[in-house]
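Below: one structure, written as structure tokens.
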Amino acid sequence: MIEIPYAELLGLEVEQGEGAPVLVMPFDDGKIGRPGFIHGGAIGGLLEMAAVAALMAALDDESARWKPINVTVDYMRGGRDQVTRAQGAVTRLGTRIANVESRAWQESPDKPIAAARMNFLIRR
Amino acid sequence: MSDDPEIRPIPFDPKALLEHVPGHGRLLGIEYHAHGEDWMELALPYDPRQIGQPDRGVIASGPILSLMDSATSMSVWLKRGGMLPQATLDLRIDYLRPATPGRTVIGRGECYRVTRSIGFVRGQAHDGDPDDPIAHVAGTFMTTAGFQ
Numbered sequence: 438m439i440e441i442p443y444a445e446l447l448g449l450e451v452e453q454g455e456g457a458p459v460l461v462m463p464f465d466d467g468k469i470g471r472p473g474f475i476h477g478g479a480i481g482g483l484l485e486m487a488a489v490a491a492l493m494a495a496l497d498d499e500s501a502r503w504k505p506i507n508v509t510v511d512y513m514r515g516g517r518d519q520v521t522r523a524q525g526a527v528t529r530l531g532t533r534i535a536n537v538e539s540r541a542w543q544e545s546p547d548k549p550i551a552a553a554r555m556n557f558l559i560r561r
Numbered sequence: 567m568s569d570d571p572e573i574r575p576i577p578f579d580p581k582a583l584l585e586h587v588p589g590h591g592r593l594l595g596i597e598y599h600a601h602g603e604d605w606m607e608l609a610l611p612y613d614p615r616q617i618g619q620p621d622r623g624v625i626a627s628g629p630i631l632s633l634m635d636s637a638t639s640m641s642v643w644l645k646r647g648g649m650l651p652q653a654t655l656d657l658r659i660d661y662l663r664p665a666t667p668g669r670t671v672i673g674r675g676e677c678y679r680v681t682r683s684i685g686f687v688r689g690q691a692h693d694g695d696p697d698d699p700i701a702h703v704a705g706t707f708m709t710t711a712g713f714q
């Protein structure tokens, strides 16, 4: 992930766990939206990167190419001024289209602050 | 909430707000572009730090999502006649084509309906020609004042 400039801009680190990589986004002033809360775009960007990480892991092919077609983000709780984690899951990997879900949390994975569904066009 | 005399929209100057508020918009370099009674246009100058796929030089979709979240959020304030605490409920973006490397992206958010607690928004992003958009967005915001 680190070689993706946008992931670096967000300060994302990778944690290996069960399933797809867990991305960790530290809190800093560059993530603030309204006072005391993380910007919806920063959470959305993290969710997209988690979906991309899950897709890359599932493709397991350096030459494979992908483009995001769309994303739908549901915001469930305000993201507070603390570290945020996100993990993706590929729900279907076809020959041309991948459906990927991701969710973001702070205290506990059982209490997501936001979730996203993404469709990707893939070429391999 | 809107019946509560304590909670009134606070009038604001969108241009001044963007120039003086730090945060995620500052990190991405988001700038004021234009606004109207129920719409807001923001600019996202090209920045190599936002590239999503190094071999293509195209910026990631995340910064465009942030741009559209901010533009549509401010359009709700403009439609309400001022700022009220609010949170994004949902946001859906169709990425119609990649942004052209080197070009500034303009994001336009429009609030086409407000109720007591919800703002309904839509918008488009382009990189020079509004008739050749790069993204289309639809979403909702919830006023949080009075609900906490």
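The listed protein sequences correspond, in order, to chains R and H. Going by this note's numbering, the first residue of the first sequence is number 438, and it counts up by one from there. Going by this note's numbering, the first residue of the second sequence is number 567, and it counts up by one from there. Heads up, the beta-carbon is just placed ideally off N, CA and C, and yes, glycines get one too.
- Bridge partners of E676/H according to DSSP: W605/H, R688/H.
- Fewer than three Cβ pairs drawn from the segment 492-503 of chain R and the segment 543-550 of chain R lie within less than 8 Å of each other, which leaves the two stretches out of contact.
- The shortest C-alpha to C-alpha distance from E485/R to any of S627/H, A691/H, L583/H is the one to S627/H.
- Contacts with chain H at 8 Å (Cβ-Cβ) do not include M462/R.
- Counting the other CB atoms within 10 Å of its CB gives Y678/H a total below 16, which places it among the exposed residues.
- Counting the other CB atoms within 10 Å of its CB gives T709/H a total of 16 or more, which places it among the buried residues.
- Residues of the segment 578-593 of chain H with a Cβ closer than 8 Å to any Cβ of chain R, in chain order: P588, G589, H590, G591, R592, L593.
- Assigned with DSSP and collapsed to three states, R540/R falls in strand.
- Counting only the Cα atoms, E455/R lies some 43 Å from Y598/H.
- The Cβ of G618/H sits closer than 8 Å to at least one Cβ of chain R.
- By the criterion of at least three beta-carbon pairs nearer than 8 Å, the segment 510-518 of chain R is in contact with the segment 552-561 of chain R.
- Across the set L610/H, K645/H, V687/H, L650/H, the C-alpha of L610/H shows the shortest separation from the C-alpha of A665/H.
- V587/H and R471/R have their C-alpha atoms spaced approximately 10 Å apart.
- Taken atom to atom, the span from the alpha-carbon of A488/R to that of I506/R is near 13 Å.
- At a cut-off of 8 Å between beta carbons, A626/H contacts chain R.
- With respect to M606/H, M640/H sits close: the two C-beta atoms are nearer than 8 Å.
- Burial of G591/H is indicated by the presence of at least 16 other C-beta atoms within 10 angstroms of its C-beta.
- Distance check between F578/H and each of G647/H, A600/H, D660/H, A704/H places G647/H closest, using alpha-carbon atoms only.
- At a C-beta separation below 8 Å, V510/R has these neighbours in chain H: L631, T654, D656, L657, R658.
- Along the segment 463-481 of chain R, going in chain order, the ones with a CB nearer than 7 Å to a CB of chain H are D466, G467, K468, I469, G470, R471, H476, G477, G478, A479, G481.
- Under the 8 Å criterion on CB atoms, P505/R is classed as interfacial with respect to chain H.
- The C-beta distance from L460/R to L449/R rounds to 5 Å, short enough to meet the 8 Å contact threshold.
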